[in-house]
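Quick note on this note's numbering: the sequence shown kicks off at 2 and runs consecutively.
Using N, Cα and C, we set each Cβ at its ideal position, and we do this for glycine too.
Reviewing the structure listed below.
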Amino acid sequence: MNATSLAPAAVLAPVWREVVADSYRALADAVAGIGAAQWDLPTPCSQWTVTQVVQHAAGDQLAFAAALGVGAGPAYDPFAPSGSLDGTGAELISAALDQTATAWATVTDLS
């Protein structure tokens, strides 16, 4: 039996935590690289600025955490982000990733 014939959970079982951790680092690094003058720039998401995309990403993480039983989810609609931050984008993402990491730590099995 080769890897392509296995169920997705079986393929991901040995590596999913590493994949999640890598994705957190990539998101945090991307947000850390946003310059002060870039937050209001347009994005390929034609209706959203950079700030709104970051809010969406943070809100999705908080929603994932809530689905796993940790936290109440985002206080805003991640699909209608305001474009206004309280604090920094890095703080927003860090808090969301911390909460989601806590939630994923409660998962013992992918099946």
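For Phe-65, the uninterrupted alpha helix (DSSP H) segment begins and ends at 51-68. Per the C-alpha coordinates, the member of Gly-84, Thr-89 and Gln-62 positioned closest to Ala-22 is Gln-62. For the pair Gln-48 and Asp-30, the Cα-to-Cα distance works out to about 24 angstroms. As DSSP reads the structure, Pro-43 sits in a beta bridge with Thr-50.
A residue is called buried when at least 16 other Cβ atoms come within 10 angstroms of its Cβ; Ala-59 meets this threshold and is buried. Three or more Cβ pairs drawn from the stretch 81-93 and the stretch 26-44 lie within less than 8 angstroms of each other, which places the two stretches in contact.
With a cutoff of 8 angstroms on beta-carbon distance, Pro-75 and Ala-64 are scored as near each other. The C-alpha of Glu-19 is placed about 19 angstroms away from the C-alpha of Ala-8. Where Leu-28 is concerned, the enclosing alpha helix (DSSP H) starts and stops at 17-33. The C-beta of Val-55 has 16 or more other C-beta atoms within 10 Å across all chains shown, which makes the residue buried.
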